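The sequence shown maps to residues 50 to 272 in the working numbering.
Note that beta-carbon positions come from the ideal geometry of N, C-alpha and C, so glycine has one too.
These figures come from a predicted structure and were not determined experimentally.
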Amino acid sequence: MVDLTDDKPALTLTKTVYEQLRNDVLRGHLKPGQKLAAEALRKRFNTGSSPVREALNRLLAEGFVALEEQKGFRVAAVSTAELSELVSARCWIDGTAITEAIHRRETAWEEALVLALHRLTRTSRKSEDGSENTEWETLHKSFHMDLVRGCANRWIIHTSEQLFDAAERYRLLGADRVSERNELNEHKAIVDACLDHRADLAVDLIRSHYNQTFEVIVGTLKP
């Protein structure tokens, strides 16, 4: 049980509950469709109802939980249809961002890509106990965000990050099967295309990268 009964401000309490629940949903510790009883969560975090309610409402706005009439909150369901829409949206948004970034040809962006790829390459995807390595996951997200950050449009970057997080929930549900392929080679090919200023190729590679992940994960989803 997490103890949040100290003198932390209300916003800090809400943030703590929100971040823990969001992480549990993303990593599959809270399963799709699982009921999120406010009272049980209040006891778990040893806090009042307000931080729990506000955290759940924030997760509702982000699409990670659902609210059913007279039944309360549940972890949002997963589906092939939603994953397909996520992949399509990521291809559009990230493809647009990468194209713009290549056209801008800023050295700082290119150097950031090389560094992000280097860090990702040198980090093991699995921890010693065979579980997903959270450091790798952090670097993986940083890599994908660095890809789009070169477009210098904060709205596109923000949207890309939201889509990444939504898709990450699916990826982690099928993480064992996704890790069977060599994604590092795919990442390197994308970076090479960006550095060669080949926008069309970079977009094709990012689309293939996302679609391959889709094909792997879709087999792990229950009807």
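So, at 8 Å on beta carbons, what are the nonlocal neighbours of residue 182 in its own chain, with the 5 sequence-adjacent residues on each side left out? The residue you call residue 182 lines up with position 133 of the sequence shown. The residues are 172, 173, 174, 175, 176.
Let me know the secondary structure DSSP gives residue 85 once reduced to three states. Position 36 of the sequence shown holds residue 85. Strand at residue 85.
Helix, strand or coil for residue 237 per DSSP? The sequence position of residue 237 within the sequence shown is 188, counting from 1. Residue state, collapsed to three classes: helix.
Beta carbon of residue 107, beta carbon of residue 116: below 9 Å? Locating residue 107 in the sequence shown gives position 58, counting from the first residue. Locating residue 116 in the sequence shown gives position 67, counting from the first residue. Result no, Cβ atoms of residue 107 and residue 116 do not sit closer than 9 Å.
Am I right that residue 201 and residue 153 are in contact with their C-beta atoms under 8 Å? What's the rounded C-beta distance? Residue numbering aside, residue 201 sits at position 152 when the sequence shown is read from its first letter. Residue numbering aside, residue 153 sits at position 104 when the sequence shown is read from its first letter. Their Cβ separation, rounded to whole angstroms, is 7 Å, which keeps residue 201 and residue 153 in contact under 8 Å.
Taking the C-alpha atoms as reference points, what is the distance between residue 247 and residue 239? Taking the sequence shown and counting its residues from 1, the one referred to as residue 247 is at position 198. Taking the sequence shown and counting its residues from 1, the one referred to as residue 239 is at position 190. Approximately 10 Å, taken between the alpha carbons.
Give the straight-line distance between the Cα atoms of residue 89 and residue 221, rounded to the nearest whole angstrom. On the sequence shown, position 40 is the one that residue 89 refers to. On the sequence shown, position 172 is the one that residue 221 refers to. Straight-line Cα distance between these residues: approximately 25 Å.
Which same chain residues, not among the five before or five after residue 103, have their C-beta less than 7 Å away from its C-beta? Counted from its first residue, the sequence shown places residue 103 at position 54. Around residue 103: 63.
Same chain, Cβ closer than 6 Å to residue 138, neighbours up to 5 away in sequence not counted: Reading the sequence shown from its first residue, position 89 is the one you call residue 138. So the list reads 212, once near-sequence residues are dropped.
Contiguous beta strand (DSSP E) assignments of at least 3 residues, all confined to the segment 90-160: 114-117, 121-124
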